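The structure under discussion appears below in the form of structure tokens.
In the numbering used here, the protein residues as written are 78 to 195.
Printed below as a string of structure tokens:
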């Protein structure tokens, strides 16, 4: 069973930065695609960024391109989301998710709150 635990969220002023981490348990982490998604109050969950098992960035949402960077360290079973130039509209609960080969994003963390004040 895989467990994902996010950390690094918090309150930051507009223009500031945060780095989210998602630590995974289990030996399957390095074989899966990882993604970050977010859900703002009253909105549907949306894709933010994804990275392949080998560390190739698969894409970013248009709204975060040039500001956010996804990375992973398979030796530490951890994926990161570096968020710069934060905007109030980035306020959301951020989730990491794992997709194993042949599957969907079946494993999710509990989420970490990011609040950006204007």
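Virtual Cβ for every residue (Gly too), placed ideally from N, Cα, C.
Fair warning: this is a prediction, and the values are worked out from it, not measured in the lab.
Where residue i falls: helix, strand or coil (DSSP)
{"i": "residue 166", "result": "helix"}
{"i": "residue 176", "result": "strand"}
{"i": "residue 131", "result": "coil"}
{"i": "residue 101", "result": "strand"}
{"i": "residue 84", "result": "strand"}
{"i": "residue 108", "result": "helix"}
{"i": "residue 91", "result": "coil"}
{"i": "residue 152", "result": "helix"}
{"i": "residue 79", "result": "coil"}
{"i": "residue 138", "result": "coil"}
{"i": "residue 187", "result": "coil"}
{"i": "residue 121", "result": "coil"}
Contact belief for residue i with residue j at Cβ below 8 Å, rounded distance in angstroms
{"i": "residue 115", "j": "residue 170", "result": "7 Å"}
Proximity below 8 Å, CB of residue i to CB of residue j
{"i": "residue 173", "j": "residue 81", "result": "yes"}
{"i": "residue 98", "j": "residue 168", "result": "no"}
{"i": "residue 142", "j": "residue 91", "result": "no"}
{"i": "residue 238", "j": "residue 100", "result": "Given a span of 78 to 195 for the chain in the structure shown, any question on residue 238 remains unanswerable."}
{"i": "residue 103", "j": "residue 79", "result": "yes"}
{"i": "residue 191", "j": "residue 93", "result": "no"}
{"i": "residue 123", "j": "residue 146", "result": "no"}
Selected residue, minimal CA-CA separation from residue i, among the options
{"i": "residue 126", "options": "103, 104, 159, 119", "result": "159"}
{"i": "residue 111", "options": "162, 130, 138, 191", "result": "130"}
{"i": "residue 120", "options": "87, 166, 128", "result": "166"}
{"i": "residue 178", "options": "137, 132, 117, 105", "result": "105"}
{"i": "residue 181", "options": "109, 84, 83", "result": "109"}
{"i": "residue 113", "options": "83, 162, 107, 161", "result": "83"}
message: Three or more C-beta pairs under 8 Å: does that hold for the region 180 to 188 against the region 138 to 154?
response: no
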